[in-house]
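Q: Here it is, the structure in full.
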Ligand SMILES: [Zn+2]
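In our numbering, the protein residues as written are 38 to 354.
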């Protein structure tokens, strides 16, 4: 049986302000908490409706500052959803901070997740999907079972380079960081990384589960596109990835939000998918989750890592 996972990065709105070079003062208390207060219950509803599990990547800082986030992650964990780590501060430049600071950031997120759910996270996704040797070493030292940070998507990489260049010219530099182009050659299927160069295969201890991109063109099959592309294009993307043994569908909390949920207009202007109604986006996601369920066994990323680790030793996948 082929496998699939549905994972949601719970980046709260302050992180979107940072990526777009906007002041966080745009956000009131409700907007700061919107992803946890509104998007998390909507994702729970989608998953529960189909009877499938999912994985939430939560930011440690949000758990320390927002009681709604703590209650939501505890309830999700108890309902069988995996709560994994999306780092403590969601620092886009985390890979450049040096081994000790990286380890400290991840350990702090682990502690916040343990305090909220009663369980240590077993999986990690890097902020901005940027992985390097220092970050990989920290995930190994902290005993993670898997990472899911490699995003070898060509159009995403090019678009990010153009947007970041544009913002810099406007005098509003983004806090985001452009990854090494080496990521574009990373395997698009699960692999054991080389600890020194984690976008290459090797014999590292932490299995990498890359996010799904199409073969050849490497177009990303992610929430932003799934909720906004015309139906025919989406079906084309789906067919292109259909033969993959493992389908790793990555989404964000904002994929089930829209402008009417109380997002500041300045942010909606930058993040155009927020103009599509949440009702429409949820209907689309219900359909695509249904496709996954009808053709694959849908598991948490932790359980996929367990299955794949049992069937292949490092270097053999
Ligand atoms: Zn993120």
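Built from N, CA and C at the ideal position, the CB exists for glycine as well.
Let me check you understand the geometry: is the CB of residue 57 closer than 7 Å to at least one non-hydrogen atom of ligand 1?
A: As a working note, residue 57 is residue 20 in the chain shown. No, the beta carbon of residue 57 sits no closer than 7 Å to any heavy atom of ligand 1.
Q: Given a cut-off of 8 Å, decide if residue 232 and residue 238 are closer than it, judged by their beta-carbon atoms.
A: Against the chain shown, residue 238 aligns to sequence position 201. Against the chain shown, residue 232 aligns to sequence position 195. For residue 238 and residue 232, no; Cβs fall outside 8 Å.
Q: Are residue 326 and residue 83 closer than 8 Å when you measure CB to CB?
A: In the chain shown, residue 326 corresponds to position 289, counting from 1. In the chain shown, residue 83 corresponds to position 46, counting from 1. Contact: yes.
Q: Take every Cβ of the segment 172–191, pair it with every Cβ of the segment 153–162, and state whether three or more of those distances are shorter than 8 Å.
A: Segments in contact, yes.
Q: Considering only heavy atoms of ligand 1, does any lie closer than 7 Å to the CB of residue 51?
A: Position 14 of the chain shown holds residue 51. Outside the cutoff, so no.
Q: With hydrogens ignored, establish whether the beta-carbon of residue 48 is closer than 7 Å to any heavy atom of ligand 1.
A: Reading the chain shown from its first residue, position 11 is the one you call residue 48. The answer is yes for residue 48.
Q: Is it buried or exposed, residue 337, if we count other Cβ atoms within 10 angstroms and call 16 or more buried?
A: Locating residue 337 in the chain shown gives position 300, where the first residue counts as 1. By the neighbour-count rule (16 or more Cβ atoms within 10 Å), residue 337 is buried.
Q: For the alpha helix (DSSP H) that contains residue 166, what are its first and last residues?
A: Working through the chain shown from its first residue, we reach residue 166 at position 129. Here residue 166 belongs to no alpha helix (DSSP H), and DSSP marks it neither H nor E.
Q: Within 10 angstroms of its Cβ, does residue 308 collect 16 or more other Cβ (buried), or is it exposed?
A: Within the chain shown, residue 308 is the residue found at index 271, counting from 1. Residue 308 comes out buried.
Q: Assuming residue 150 contacts residue 122 under a Cβ cut-off of 8 Å, what Cβ separation, rounded to an integer in Å, is found between them?
A: As a working mapping, residue 150 is identified with position 113 in the chain shown. As a working mapping, residue 122 is identified with position 85 in the chain shown. Sure, about 6 Å apart at Cβ, within 8 Å.
Q: Among all the DSSP beta bridges, which residues are the ones paired with residue 257?
A: The residue labelled residue 257 in the question sits at position 220 within the chain shown. Answer by DSSP bridge pairing, in chain order: 250.
Q: How close, in whole Å, do the beta carbons of residue 291 and residue 311 come, if the pair is a contact with beta carbons under 8 Å?
A: As a first step, residue 291 is located in the chain shown; it is residue number 254 there, counting from the start. As a first step, residue 311 is located in the chain shown; it is residue number 274 there, counting from the start. So it is a contact: roughly 6 Å between Cβ atoms.
Q: My output table needs one value for residue 31: the three-state DSSP class, helix, strand or coil.
A: Residue 31 is absent from the structure shown; the chain starts at 38 and stops at 354.
Q: Give me the residue from 41, 111, 76, 104 with the minimum Cα distance to residue 89.
A: Here residue 89 corresponds to residue number 52 of the chain shown, with the count starting at 1. Closest option to residue 89, Cα to Cα, is 41.
Q: Please give me, in chain order, every unbroken run of the beta strand (DSSP E) with length at least 3 that falls completely inside the segment 62–138.
A: List check, beta strand (DSSP E) in window: 92–95, 119–122.
Q: Is residue 283 helix, strand or coil by DSSP?
A: Here residue 283 refers to the residue found at position 246 when the chain shown is read from its first residue. Residue state, collapsed to three classes: strand.
Q: Exposed or buried, residue 284, counting other C-beta atoms within 10 Å across all chains shown (16 or more means buried)?
A: The residue given as residue 284 occupies position 247 in the chain shown. Buried, since its Cβ has 16 or more Cβ neighbours within 10 Å.
Q: If we count the other Cβ atoms within 10 Å of its Cβ and call it buried at 16 or more, is residue 244 buried or exposed?
A: Position 207 of the chain shown holds residue 244. Buried, since its Cβ has 16 or more Cβ neighbours within 10 Å.
Q: At a cut-off of 7 Å, would you count residue 123 as near ligand 1, judging by its Cβ distance to the nearest heavy atom?
A: Translated into the one-based positions of the chain shown, residue 123 becomes position 86. Checking the Cβ of residue 123 against ligand 1 gives yes.
Q: Evaluate residue 116 with the Cβ neighbour count: other Cβ atoms within 10 Å of its Cβ, from every protein chain shown; 16 or more gives buried, anything less gives exposed.
A: One-based indexing of the chain shown puts residue 116 at position 79. By the neighbour-count rule (16 or more Cβ atoms within 10 Å), residue 116 is not buried but exposed.
Q: In whole angstroms, give me the CA-to-CA distance for residue 50 and residue 98.
A: Numbered from 1 along the chain shown, position 13 holds the residue referred to as residue 50. Numbered from 1 along the chain shown, position 61 holds the residue referred to as residue 98. Cα to Cα, the separation comes out at about 13 Å.
Q: Taking residue 268 as part of the beta strand (DSSP E), name the residues at either end of that continuous run.
A: Taking the chain shown and counting its residues from 1, one reaches residue 268 at position 231. First-last for residue 268: 268–278, but that is the alpha helix (DSSP H), not the beta strand (DSSP E).
Q: Could you name the residues that DSSP lists as bridge partners for residue 289?
A: Position 252 of the chain shown, counting from 1, holds the residue named residue 289. Bridge partners of residue 289: 46.
Q: Short of 7 Å in beta carbon distance, which residues of its chain neighbour residue 74, apart from the five on each side in sequence? Order them along the chain.
A: By 1-based counting over the chain shown, the position of residue 74 is 37. Cβ within range, chain order: 105.
Q: Pick from 107, 141, 138, 165: whose alpha carbon is nearest that of residue 127?
A: Residue numbering aside, residue 127 sits at position 90 when the chain shown is read from its first letter. That would be 165, whose Cα lies nearest to the Cα of residue 127.
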